[in-house]
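K.L.:
Chains Y and X are the protein sequences, given in the same order.
As numbered in the numbering used here, the first sequence has no gaps in its residue numbers, which increase by one up to the final residue, 221.
As numbered in the numbering used here, the second sequence has no gaps in its residue numbers, which increase by one up to the final residue, 335.
Handing you this structure, nothing more for now.
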Amino acid sequence: MSLDSSNSPFLGTTRNPFSYEKVEQVSRDVSTSWLTLDQISQQLNLFQDDSQADYLYGIELATRMAIEDYLGLSIFAIKYKAYYGCYNGMIGTSMSLDLPEVSQPNGTTVGVVVNEVAYYSGATPPVYTILDPSSYYYDPTGNKVLVTGVPSSVSQLMTSPVVCTYTTNASPLADYPVIQQAGLLLLTHLYNNRSNTVMGKLEEIPFGVAQLLRPYKPLVM
Amino acid sequence: MGISRYEQIEVNKVTNSVNEIGQYTTTITPWFATRALVHSVKNSLNITKEERIYTDLVNFKINFTPYTQSIVDNQPLYSITWRSHDWRIDSAVEADDRMSVTLYCYRNDPIVPV
């Protein structure tokens, strides 16, 4: 049985709560289509009526982002910046930086690329200093980056002076027909319901979006 | 309660003109294919003294798009091909929420002697 650590980011076990304190998306694809116009036209029974192609392109992007956000899944690569606290006891020791979202390897492509690990120094104003890549590595078994030797010059005043910038590559799950079908269902819903309010009560169909996606939604333990 | 199904239809452009010897001509050119909810198919027969006149009516419900809006705006300029027959648009009704267009279409079979 895994051991929870309330004193994260130490230990190699599963940690809860996770050690990051803030997460930002710093780069995300907001222009590439995931579902093809042909798939969408078939789904909406538009067939060769392509007069709404630009509109459909917009709701396709929104649909894809909603699926990505719902599953914590990268259909296209997403770059994150996660922030971690640091105090005296951590200096010089091994730190575990939990990554809020990860991706699994896709063939020969790795799931997660750590772009850089950096820290803010204790100077005034603090200096953003990038660590040498040999001092950290990604642990795909625990969705975390292990860092050794954060120097004593790390800021003791800033809330989250250690920063990990990483990229989650496209997940192989994005090609699964069941996930694409969930995307088409959601897109149909957005196409048919263009107002935030309706007169009646909408009811979900059996085997709808949430049910199709549920097996692929990672459990947060 | 009737069940309507999606069936493939083709939307055509209809051009009327007069040829060099003064005859009225009608040219039908395919525009795009789409799918419509087809319902209320009705074939009716009028028998006069000398002939039988068959008139077919059908409703096509399609998504409201820029293309289908132009059909509503200029319904004489378009026709529908469904089940290999050419259907003329009698009425075109936009839904209030601008989400669909219902085309009431008719066609005449050849008149048959009684």
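For every residue, glycine included, the Cβ atom is placed at its ideal position computed from N, Cα and C.
Remember, predicted model here, so these are calculated numbers, not experimental data.
Report the partner residues of residue 306(X) according to the DSSP bridge assignment.
P.N.:
According to DSSP, which records beta bridges pairwise, residue 306(X) is partnered with 303(X).
K.L.:
For residue 90(Y), which of helix, strand or coil comes out of DSSP?
P.N.:
Residue state, collapsed to three classes: helix.
K.L.:
In the structure shown, what three-state DSSP assignment does residue 60(Y) receive?
P.N.:
Helix.
K.L.:
So which residues on chain Y does residue 281(X) lean against when the C-beta distance must stay under 8 Å?
P.N.:
Residues of chain Y passing the Cβ test: none, with the nearest at roughly 11 Å.
K.L.:
Apply the 10 Å Cβ neighbour rule to residue 52(Y) and answer buried if 16 or more other Cβ atoms are within range, or exposed otherwise.
P.N.:
Buried is the call here.
K.L.:
Just the C-alpha distance for residue 71(Y) and residue 213(Y), rounded to the nearest angstrom, thanks.
P.N.:
When rounded, the distance between both Cα atoms is 8 Å.
K.L.:
Can you find a heavy atom of the ligand MG that lies under 6 Å from the Cβ of residue 319(X)?
P.N.:
Among the ligands in the structure shown, none appear at all, so the ligand MG cannot be discussed.
K.L.:
Just grab the DSSP bridge partners of residue 106(Y) for me.
P.N.:
Residue 106(Y) is bridged to 109(Y).
K.L.:
When the Cα of residue 132(Y) is compared with those of 149(Y), 94(Y), 171(Y), 75(Y), which residue comes out closest?
P.N.:
Nearest option by C-alpha distance: 149(Y).
K.L.:
When the Cβ atoms of the region 108-118 of chain Y are set against those of the region 159-175 of chain Y, are three or more pairs found closer than 8 Å?
P.N.:
Segments in contact, yes.
K.L.:
What does residue 52(Y) reach in chain X if we use C-beta pairs closer than 9 Å?
P.N.:
By Cβ distance, chain X contributes 284, 286, 287, 288.
K.L.:
So the candidates are 154(Y), 110(Y), 143(Y), 138(Y); which of them puts its Cα closest to the Cα of residue 130(Y)?
P.N.:
When each option's Cα is compared against that of residue 130(Y), the closest is 154(Y).
K.L.:
Would you report the Cα separation of residue 157(Y) and residue 96(Y), rounded to the nearest angstrom?
P.N.:
Between residue 157(Y) and residue 96(Y), the C-alpha separation is close to 20 Å.
K.L.:
Would you say residue 38(Y) lies against chain X (beta-carbon separation less than 7 Å)?
P.N.:
Chain X contact via Cβ: absent.
K.L.:
For residue 59(Y) and residue 272(X), what's the separation of their Cα atoms in angstroms?
P.N.:
Using only the alpha carbons, I get a separation of about 55 Å.
K.L.:
Which chain X residues sit within Cβ distance under 8 Å of residue 46(Y)?
P.N.:
Here the neighbours are 255, 256, 284, 286.
K.L.:
Using DSSP's beta-bridge definition, name the partner residues of residue 267(X).
P.N.:
Per DSSP, 274(X).
K.L.:
Could you say if the region 97-112 of chain Y and the region 122-129 of chain Y meet the contact criterion of at least three C-beta pairs nearer than 8 Å?
P.N.:
Result no; under three Cβ-Cβ pairs closer than 8 Å.
K.L.:
From which residue to which residue does the beta strand (DSSP E) around residue 324(X) run?
P.N.:
Unbroken beta strand (DSSP E) run through residue 324(X): 321-329.
K.L.:
My guess is that residue 80(Y) and residue 166(Y) are in contact by the Cβ rule of under 8 Å, so how many angstroms apart are they, rounded?
P.N.:
Between residue 166(Y) and residue 80(Y) the Cβ distance is about 6 Å, and since that is below 8 Å, they are a contact.
K.L.:
Quick check on the DSSP output: the beta strand (DSSP E) that includes residue 52(Y) runs from which residue to which?
P.N.:
No beta strand (DSSP E) holds residue 52(Y); DSSP gives it neither H nor E.
K.L.:
Looking at the structure shown, is residue 210(Y) part of a helix, part of a strand, or coil, going by DSSP?
P.N.:
Residue 210(Y) falls in the helix class under three-state DSSP.
K.L.:
Are the CB atoms of residue 321(X) and residue 263(X) within a distance shorter than 7 Å?
P.N.:
For residue 263(X) and residue 321(X), no; Cβs fall outside 7 Å.
K.L.:
What did DSSP end up calling residue 41(Y) once you bin it into helix, strand or coil?
P.N.:
Here residue 41(Y) sits in helix by DSSP.
K.L.:
Quick check on residue 251(X): does DSSP put it in helix, strand or coil?
P.N.:
Of the three classes helix, strand and coil, the one that applies to residue 251(X) here is strand, per DSSP.
K.L.:
In angstroms with no decimal places, state the Cα-to-Cα distance between residue 202(Y) and residue 90(Y).
P.N.:
The alpha-carbon atoms of residue 202(Y) and residue 90(Y) are separated by roughly 52 Å.
K.L.:
What in chain Y is Cβ-close to residue 325(X), meaning under 9 Å?
P.N.:
Residues of chain Y passing the Cβ test: none, with the nearest at roughly 19 Å.
K.L.:
May I ask which residues mark the beginning and end of the alpha helix (DSSP H) holding residue 176(Y)?
P.N.:
Unbroken run through residue 176(Y): none, as it is neither H nor E.
K.L.:
With a threshold of 16 other CB atoms inside 10 Å of the CB of residue 87(Y), please say whether the residue is buried or exposed.
P.N.:
Exposed, by the Cβ-count rule.
K.L.:
With distances taken from CA atoms, which of 38(Y), 50(Y), 92(Y) is nearest residue 147(Y)?
P.N.:
Nearest of 38(Y), 50(Y), 92(Y) to residue 147(Y), Cα basis: 92(Y).
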